[in-house]
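**Student:**
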Amino acid sequence: MPGTRRSMREGKRLRSRRIRAVLAGGLVFGVGATMTLAAWNDSENGSATFTAGRFDIVGAVDGATFSSHPVGTPAALSFSAPFGAMVPGSTVYALFSVKTANPSVAGSLQLSTASTAGTGLGTYLRFGVRTIAGTACNATTYPAGVSVVPDNSTLATAGTTSQAVAANGGSTVNYCFAVSLPAATDNTAQGLTAIQTWQILGTAS
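Residue numbers for the sequence shown follow the working numbering, beginning at 8 and rising by one.
1. What's the call for Thr138, buried or exposed, on a 16-neighbour Cβ count within 10 Å?
2. Whole angstroms is fine: what's the gap from Ala71's alpha carbon to Thr120's?
3. Express the C-alpha separation of Arg61 and Ala143 in angstroms, rounding to a whole number.
4. Just the C-alpha distance for Ala59 and Ala151, rounded to the nearest angstrom, thanks.
5. Provide the residue span of the beta strand (DSSP E) that contains Gly135, from first to last.
6. Note down the Cα distance separating Ser122 from Phe86, rounded to an integer number of angstroms.
7. Among Asn175, Ser75, Gly96, whose alpha-carbon lies nearest the alpha-carbon of Ser193?
8. In this structure, how does DSSP classify Thr195 when only helix, strand and coil are distinguished?
9. By a C-beta neighbour count over all protein chains shown, 10 Å radius and 16 as the cutoff for buried, is Val136 buried or exposed?
10. Is the Cβ-Cβ distance between Tyr100 and Val180 less than 9 angstroms?
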């Protein structure tokens, strides 16, 4: 019997050691699992600043001195003689040059009619507009231009094509206006006046 009791005690001690070893092993395993959840990390980031561009056009009646001409203060076109005393069959010419300001993005131009005032001469007048290569707008250079408004149009006629302008004043569009009092105009037109305002609308591109 003593041998049996001793064997039982030895068995209990061995089982106790195994349990402690398992518990210890479990504890170590748990610590190991916790440590592997952590990881080094890093990131890369990018940002940008966005700014809206601006679009601005300016005009000149002499092809050289450009400035802004809002609706209330249009540029006074310098028509050739005899624009102040037109007679049937006469045609007068005037230049209006347009480009983008600096700075400005590129765009396109479209000629339209803003208003016709005066005492009635506008109903008799006819006109045409062409773009020309230089700034000399006259009976010699007009025929070689590219049509914007067909010849012999009423003053209410708008441009039929658009014209491109480069950014930052990089290109200029020279409009040559030709206004005529037709040869068949009767005596009722004598002494009448017309105040014509055209508008060139610019659109950014």
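In this text, a Cβ means the ideal position worked out from N, Cα and C, and glycines have one as well.
**Tutor:** According to the data block:
1. buried
2. 24 angstroms
3. 31 angstroms
4. 39 angstroms
5. 133 to 139
6. 18 angstroms
7. Residue identity check: residue 193 is Asp in the sequence provided, not Ser. Checking every option, the nearest Cα to that of Asp193 belongs to Gly96.
8. helix
9. buried
10. no
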